[in-house]
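Data block below; observations after.
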Amino acid sequence: MSDALVKVLGLGVEIGGRRIVDGVSFSADGGQVVAVIGPNGSGKTTLLRALAGLLPASGDLLVADADPRETSAEKLSRHRAYCAQKPGSAWDYRLSDLGEIVGNPLGYEDWLAKLQLGACIDRTLSSLSGGEQKSAHLAMTFASLIEPFGGVLLLDEPAAALDLGRQEAVRLAVASFAQAGAACVVATHDLGFARRCDLVVVLSEGRLAAIGRPGDVLDAEIISAVWGESASAIA
Amino acid sequence: MAATKAFLAGTFLLFVLVALSLSVGAQGFGWGDGGTLVMLRSPRVLAALAAGLALGIGGAAQQGVFRNPLADPGLTGVFGGALFGIALLLGLSPESAWQRAWFIPAAAFGGALGTSVLLVLCGGGGSTSRLLLTGLGLNAFTAAGTLVIASRSGESRELLTNGAYGDWLGMATVELTWLPVLLCLSAAFLLLPLARSLDLLSFGEDAARGFGADVGSARRKAVFLTALAAAAATCLVGQVAFIGLLAPHLARALVGPRHAKVLPLSGLLGAILLLGADTAGRGLWPQAPLSAAAVTAVIGAPLFIWIARGRHE
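Chains as they are written, first to last, in the working numbering: chain A, 204 to 438; chain B, 559 to 871.
If you want it as structure tokens, here you go:
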């Protein structure tokens, strides 16, 4: 437990007087991939934003040896990378600009190629499809975590808008970060992805509904309790 | 490469304009005996250059902070605030207003910063309509305030009315302009290092903080320095809208949206536009010169509608 790169104990987040996340606890070591799953509105995005240091939160929180609530954004970003669910840009950058903006142009180009966007480097964001734009943003996120060992990767539904090839590329990317010693926390609706993770955190109405290895957590009983009877068939 | 070409072409155009502007006057075309007319006109030219530079960079910074291509210190009420600040000082204490060189710039800065803070508090958050409606309200309020003060203070009435029409360049002298020019240059120069933060802010506050930007600090600096740029420019020109809108749009069309290029090129284009407008206003109608603000509005207003329309579609 002491070596964990992500330590969450009794985490609570309140927004506008409403408790969005309540008493969530889990931990992840370097090399582990954690899937955060749950129905829409169960608090996955809020949990990830709190881990990224973007929201005020109560409870104990440690991400890459730092409390994100008390650490500057600049310092946090050296060991933690975060990709939002629906990133967008106010200006129509070329993909070739984004690597420089994130401070790692070579790494960015490498990730673009892995996400099948290498040929699009001179195109602008607005000329890309939604899934391609999300991939370009994921490449920025991956490139920003220059030293994966001891780092934490936080991804909010990274593969939601992606085609099958890019979904697989994201899975491989996450696996490569874990292999290099990073802890990865991924919010997802993809149970196929969750089954391949080291730990599954199931949220329901902001609370921890279940936690454990995929084989223990992803059974019909829990899925039916959290998502409803109609979803139990996919277990 | 496109950026280098744009900067070189812009600098060349600026030199031509400076030469032209120094040559144009009410008495016709020429530099006078021994360049006497040049000496007389140079404070005006320098004032237009500095104000244009500050407005161009300030407009680009304000658009970056609000993530909104329709932000412009003229349209969002920051100029109105600056002029209202000057009007308050002239209305409350007309005798002492000119005693120190920094009194008028300080009053303008107080007004500009006040409206900027209100704009952030009430109009921030990403929605274009909210930003522009707040700007509309602030503009209406400050214009009404300036009008009330102008109508109550006989001696400042003409001065404030000219300021509201952006017609102060004609009274530029070394004594009146040296401090605002210095403030314009300082604000413009200090806005340049915010380029990377403004790029990151483009992806939203979460993403910017995720990538390590100190969003709060960058936003505070940009708002403060844009207010300073607008205030100093107001002291030189009066209210002039659209430069802060036009310059960044042209810059982005020429070199793309990276702020490291957009900020300096917007400054250069702002200087070209304002000096060009002032020179055209004087040169085309020497007997009844048009103010720089009137000329920029003739070009800027249709462009604003075009941009707003394109954005809506």
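For glycine and all other residues, C-beta sits at the position ideal for the given N, C-alpha and C.
- Contact check between the stretch 355-362 of chain A and the stretch 386-396 of chain A: three or more CB pairs, one atom from each, fall below 8 Å, which counts as touching.
- Contact between A/Leu298 and A/Arg326 is confirmed by a C-beta separation of about 6 Å, below the 8 Å threshold.
- DSSP, reduced to helix, strand and coil, places B/Val853 within a helical segment of the structure shown.
- Counting along the chain, the unbroken alpha helix (DSSP H) around B/Arg777 starts and ends at Val773 to Val795.
- Taking every protein chain shown into account, the CB of A/Asn243 has fewer than 16 other CB atoms within 10 angstroms, so this residue is exposed.
- For the pair B/Tyr723 and B/Gly796, the Cα-to-Cα distance works out to about 7 Å.
- For B/Gly668, the enclosing alpha helix (DSSP H) begins and ends at Phe661 to Gly681.
- Beyond the five residues adjoining it in sequence on each side, B/Ser654 comes within less than 8 Å, by CB distance, of Phe661 in the same chain, given in chain order.
- B/Leu734 is the residue among B/Leu734, B/Glu716 and B/Asp630 whose C-alpha sits nearest the C-alpha of B/Arg658.
- Residues of the same chain with a CB within less than 8 Å of the CB of B/Thr569, apart from the 5 flanking positions on each side, are Leu826 in chain order.
- CA-to-CA, the gap between A/Arg252 and B/Arg767 works out to about 11 Å.
- Setting aside the 5 residues that flank it on each side, B/Ala564 is surrounded in the same chain by Leu812, Val813 and Leu823, each with a C-beta closer than 7 Å to its C-beta; the list follows chain order.
- The stretch 308-380 of chain A contains, as complete alpha helix (DSSP H) runs of 4+ residues, the segments 308-317 and 333-347 (chain order).
- Not flagged as an interface residue toward chain B: A/Gly334, since no C-beta distance is shorter than 8 Å.
- Shown here, B/Leu628 sits in coil according to DSSP, grouped into three states, outside any helix or strand.
- Per DSSP, A/Asp232 lies in no beta strand (DSSP E) segment and is marked neither H nor E.
- At least one C-beta of chain B is nearer than 8 Å to the C-beta of A/Val305.
- For A/Ala397, the enclosing alpha helix (DSSP H) covers residues Leu394 to Arg398.
- In this structure B/Gly632 is in contact with B/Phe800, their Cβ atoms being roughly 6 Å apart against a cut-off of 8 Å.
- Residues are counted here when their Cβ sits less than 8 Å from a Cβ of chain B; for the stretch 336-352 of chain A these are His340, Met343, Thr344 and Ser347, given in chain order.
- Closest option to B/Pro738, judged by alpha-carbon separation, among B/Asp630, B/Ala785 and B/Gly638: B/Ala785.
- The beta carbons of A/Leu402 and A/Phe229 sit closer together than 8 Å.
- Non-local C-beta neighbours of B/Gly703 in its own chain, meaning closer than 8 Å and more than five positions away in sequence, comprise Phe642, Ala645 and Leu646, ordered along the chain.
- Look at A/Val216 here: in three-state DSSP terms it is strand.
- When DSSP reads this structure, A/Cys387 sits in a beta bridge with A/Val236 and A/Leu356.
- Of the candidates A/Arg283, A/Thr248, A/Gln370 and A/Leu258, the residue whose Cα lies closest to the Cα of A/Glu408 is A/Thr248.
- A/Arg272 is classed as exposed because its beta carbon has fewer than 16 other beta carbons within 10 Å across all chains shown.
- Under the criterion of beta carbons closer than 8 Å, A/Leu208 and A/Ala267 qualify as touching, at roughly 6 Å.
- Partner residues in the beta bridge of A/Arg410, as assigned by DSSP, are A/Ser407.
- Taking 8 Å as the cut-off, the beta carbon of A/Ala362 is found closer than this to the beta carbon of A/Gln370.
- Counting only residues of its own chain and dropping the five nearest sequence neighbours on each side, B/Asn697 has a CB closer than 7 Å to the CB of Gly635 and Gly638.
- Counting only residues of its own chain and dropping the five nearest sequence neighbours on each side, A/Phe352 has a CB closer than 8 Å to the CB of Gly233, Ala383, Gly384 and Ala385.
- With a threshold of 16 other beta carbon atoms within 10 Å, A/Glu277 falls short and is exposed.
- A straight-line Cα-Cα distance of about 19 Å links B/Asp630 and B/Ser755.
- Non-local C-beta neighbours of B/Glu713 in its own chain, meaning closer than 8 Å and more than five positions away in sequence, comprise Pro652, ordered along the chain.
- Here the alpha carbon of A/Ser427 sits roughly 6 Å from the alpha carbon of A/Ala434.
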